[in-house]
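One structure below.
Residue numbers (the working numbering), protein chains in the order written: chain A, 4 to 483; chain L, 140 to 530.
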């Protein structure tokens with residue numbers, strides 16, 4: 004098991020792996036591997052893999068947590084850590100066995116290819132990733148070291164900014180409209196609909212759109228909105244908000260494609276390692292590790308497992324569909340390889356699962372929906388004939404950014420009082436009250452005036468507010 | 140496509156403790172949070188009566204990373220082992236689901252508990268007390284351990300202090316010197332006895348080490364009226380006192396005195412768990428304490444901390460004696476306290492000793508009323524402020 008290895012061993016095998024990578028048609032950024040020890044690995048994990056990152060106590064907390072789990076053997080370290088940059092940067096852990104290194108290298112090329120080709124990563128500008136993080140780190144440090152600001156004040160902005168960082172636009176494929184375009188839309192929407200019988204109908208009353216309203220359309224980027232519309236905010240605080248927002252934007256594609264990305268990398272490391280003609284002992288060890296990675300986690304979703312299964316299934320269904328499948332889904336129009344390469348480019352987790360997670364596969368994996376009932380976690384529905392769609396819908400709502408509630412700014416000057424009015428787009432899932440209260444306090448901290456949040460709790464409309472007098476809640480009357 | 144491997148470099152690894160600053164900030168925040176809730180935390184039963192190295196879990200509020208997250212009624216999907224049925228219970232809400240390698244992406248529910256050792260907790264407690272630094276506070280230091288220390292050699296002394304090695308060496312030296320003279324006869328060659336001048340003794344010096352000793356006298360009323368809740372409150376208080384004294388003195392002893400109408404010295408186990416019945420003579424406990432101090436902890440050598448817990452239900456004819464004994468205790472103790480434990484609402488219909496002890500005018504005496512566990516920390520703080528510091 005423990006054959007010693009040197010960098011030249013890695014390079015020797017890496018050449019072979021890259022041959023396979025090219026043969027299979029993966030297209031990657033240049034790759035850099037850095038060998039590190041476990042302490043460094045913990046450090047990279049705490050800072051999302053970035054070689055430089057601005058300081059914040061939450062990273063210290065996450066480091067301590069990771070380290071405790073690692074020291075007590077609750078969880079091992081990941082074999083691999085790779086960041087979306089060009090050239091792609093990945094870390095190999097010194098203590099890992101030779102076989103694990105090879106597995107990791109093959110896996111990393113899978114991620115690399117995905118980062119380069121999936122549409123959600125288009126806007127991330129990977130060639131600048133490392134520099135961006137470095138520049139942001141320097142900016143935040145310069146504020147922390149500024150004698151008139153200091154670390155305490157920087158944290159007072161970073162804490163709330165972190166709390167709201169993912170309250171932003173999630174779908175990168177939809178362009179954000181400029182103010183002008185929004186005004187155009189508002190005017191167009193206010194026009195009466197064309198009516199072929201306008202001669203005999205009463206002329207519709209024309210309601211002039213309120214073009215002074217801010218925002219014209221509900222706004223999802225809360226941090227940016229506050230930055231642009233709180234006139235009392237000092238420039239450095241605006242900059243901190245921008246930094247936190249930009250960083251969240253960088254991570255959103257990774258959150259949005261977790262299952263696809265991990266599945267893709269696992270699928271290809273499996274293909275590559277199997278085609279390498281490894282010595283038998285290495286190959287046996289590889290199989291053990293591979294099964295460890297893609298095993299199901301009973302009771303939850305292992306993205307490696309789910310992704311790996313799906314990619315396999317897509318390819319199989321396009322290459323050698325069963326007669327029943329042809330009847331159900333039609334004759335495949337392209338080869339399995341062409342199909343998976345297309346899918347890795349144009350889908351994200353939600354669409355990936357919606358399109359390719361079949362009833363059969365769900366049953367095969369014994370997917371079920373669960374919910375809390377008091378102290379217990381109870382299975383509510385299983386993927387049987389009647390309910391698999393429902394289970395699938397639930398799953399779709401829980402992948403990617405679906406686990407983050409959608410909250411939009413409705414009005415920045417509610418009741419002409421510079422009161423910030425937020426609305427939670429309720430989809431059947433209530434907000435966690437304690438967290439909502441505390442996070443609202445953060446919004447207030449940034450906005451500087453009273454903040455209200457409209458939501459629903461157990462079917463009834465509520466308004467939570469946070470102002471100078473603290474937290475308040477009010478039930479909306481039915482007529483509203 | 141090119142690939143670069145960068146080998147491991149030791150020096151990078153040494154420099155790379157990049158999270159040190161953030162860990163420190165986090166640690167500070169944890170301590171702040173603990174300090175804010177210290178009175179809640181130390182009133183928790185799990186802490187009282189634990190060893191020093193014991194690691195305790197302290198739930199922390201205030202350093203969670205809040206976000207907007209979904210609450211309890213959000214359903215989720217999992218994979219099973221092929222036999223899942225609707226209605227099946229697959230787990231409890233407490234405890235986390237198995238994680239999936241790369242953390243940080245999911246906002247998830249952030250519950251947070253931290254481990255601190257009792258030692259650390261006690262430190263934080265005493266930071267909260269804002270006591271002057273120990274160095275500046277002059278403790279009643281006593282010259283405790285006397286023992287002899289070697290210092291040099293001498294020609295006269297008692298036999299037991301003879302240094303055999305030096306004596307033998309001295310003889311050898313003399314012999315070598317005498318052989319140089321080459322005057323020796325054959326007889327002298329055979330026998331070369333020790334001379335009185337050879338014999339060397341160790342010189343000993345009395346060494347006195349200043350040491351700080353302290354004794355904590357826990358006196359508790361174990362009469363029939365002291366129930367479990369009262370005992371628990373008493374116990375918390377004794378625990379704090381013990382921790383406090385321990386933090387400041389090198390050698391600390393604890394004496395448990397249980398009394399009803401008569402007092403006995405008991406083990407810790409008996410002290411807290413054995414209930415007795417009968418009436419109460421508080422004076423008996425005080426007298427027993429005085430007796431023990433006299434016998435084992437002389438005030439010139441020991442710092443004495445005494446604390447008495449009772450529900451105040453004393454026989455009236457004992458009051459005068461109790462007051463007198465309390466005065467005596469005050470004279471010799473650093474700190475002497477009386478805590479009257481009356482769980483909420485019981486103070487109206489029971490007798491109280493607080494009135495009586497008001498007449499005791501001593502700067503190092505403090506009496507207090509403890510009604511619920513939240514009272515313990517404030518009254519403990521008040522109690523400590525009375526400490527007599529000897530010059």
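In this text, a Cβ means the ideal position worked out from N, Cα and C, and glycines have one as well.
Using a Cβ-Cβ cut-off of 8 Å, state whether residue i counts as contacting chain A.
i              : result
residue 229(L) : yes
residue 457(L) : no
residue 296(L) : no
residue 142(L) : yes
residue 204(L) : yes
residue 411(L) : no
residue 259(L) : no
residue 171(L) : no
residue 145(L) : yes
residue 212(L) : yes
Can you name, in chain order, every residue of its own chain whose Cβ lies under 6 Å from the Cβ of residue i, other than the five neighbours on each side?
i              : result
residue 433(A) : 460
residue 308(A) : 297 and 299
residue 391(A) : 362 and 365
residue 26(A)  : none
residue 160(A) : 240 and 243
residue 271(A) : 113
residue 48(A)  : 69
residue 386(A) : 365, 366, 370 and 394
residue 96(L)  : Since the displayed chain L opens at 140 and closes at 530, residue 96(L) lies outside it and no answer follows.
residue 360(L) : 419 and 449
residue 21(A)  : none
If I measure Cβ to Cβ from residue i and keep anything under 8 Å in the same chain, skipping five residues before and after, which residues do I get?
i              : result
residue 340(L) : 292, 293, 294, 295, 296, 297, 300, 301 and 302
residue 431(L) : 356, 394, 396 and 404
residue 147(A) : 58, 153, 154 and 157
residue 469(L) : 475, 499, 501, 503 and 504
residue 353(A) : 259, 399, 402, 403 and 405
residue 409(L) : 395 and 397
Any beta carbon of chain L sitting closer than 8 Å to that of residue i?
i              : result
residue 150(A) : no
residue 170(A) : yes
residue 438(A) : yes
residue 361(A) : no
residue 299(A) : yes
residue 433(A) : yes
residue 370(A) : yes
residue 341(A) : no
residue 442(A) : yes
Note down, in chain order, each residue of its chain lying with its Cβ closer than 7 Å to the Cβ of residue i, except the 5 sequence neighbours on either side.
i              : result
residue 267(A) : 113, 117, 310, 314 and 347
residue 454(L) : 418, 419 and 420
residue 124(A) : 87, 118 and 256
residue 451(A) : 233 and 235
residue 207(A) : 195
residue 360(A) : 313 and 395
residue 423(L) : 398, 400, 401 and 402
residue 204(A) : 198
Can you find a heavy atom of the ligand ATP that lies under 7 Å from the Cβ of residue i?
i              : result
residue 228(A) : Ligands are entirely absent from the displayed structure, and the ligand ATP is therefore not among its contents.
For residue i, list the residues DSSP reports as bridge partners.
i              : result
residue 447(L) : 358(L) and 477(L)
residue 144(L) : 36(A)
residue 346(L) : 286(L)
residue 442(L) : 353(L)
What are the uninterrupted segments assigned as beta strand (DSSP E) that are 3 or more residues long and contained completely in the segment 74 to 106 of chain A, given in chain order? 83 to 86 and 91 to 96
Examine the Cβ distances between the segment 160 to 180 of chain A and the segment 445 to 463 of chain A and report whether three or more of them are shorter than 8 Å. yes
Cβ pair count under 8 Å reaching 3, the segment 136 to 152 of chain A against the segment 50 to 59 of chain A: yes
Stretch-stretch touch, CB-based, cutoff 8 Å, three pairs: the segment 288 to 296 of chain A with the segment 312 to 320 of chain A: no
At what residue ranges does the segment 343 to 392 of chain A contain a whole run of the alpha helix (DSSP H), taking only runs of 4 or more? 352 to 359 and 362 to 367
Would you be able to state if there are at least three C-beta pairs under 8 Å between the segment 462 to 478 of chain L and the segment 441 to 454 of chain L? yes
Sequence ranges, alpha helix (DSSP H) only - wholly within the segment 247 to 308 of chain A, length at least 4: 261 to 278 and 283 to 296
Which ranges would you report for the beta strand (DSSP E) in the segment 123 to 176 of chain A if only whole runs of at least 3 residues count? none
Entirely enclosed alpha helix (DSSP H) segments - the segment 11 to 72 of chain A, minimum 4 residues: 41 to 49
Is the segment 11 to 19 of chain A close to the segment 453 to 473 of chain A, with three or more CB pairs under 8 Å? no
Which ranges does the beta strand (DSSP E) cover as unbroken runs of at least 3 residues, wholly within the segment 387 to 437 of chain L, from first to last along the chain? 390 to 398 and 402 to 405
Pairs of beta-carbons, one from the segment 31 to 42 of chain A and one from the segment 92 to 103 of chain A, closer than 8 Å: are there three or more? yes
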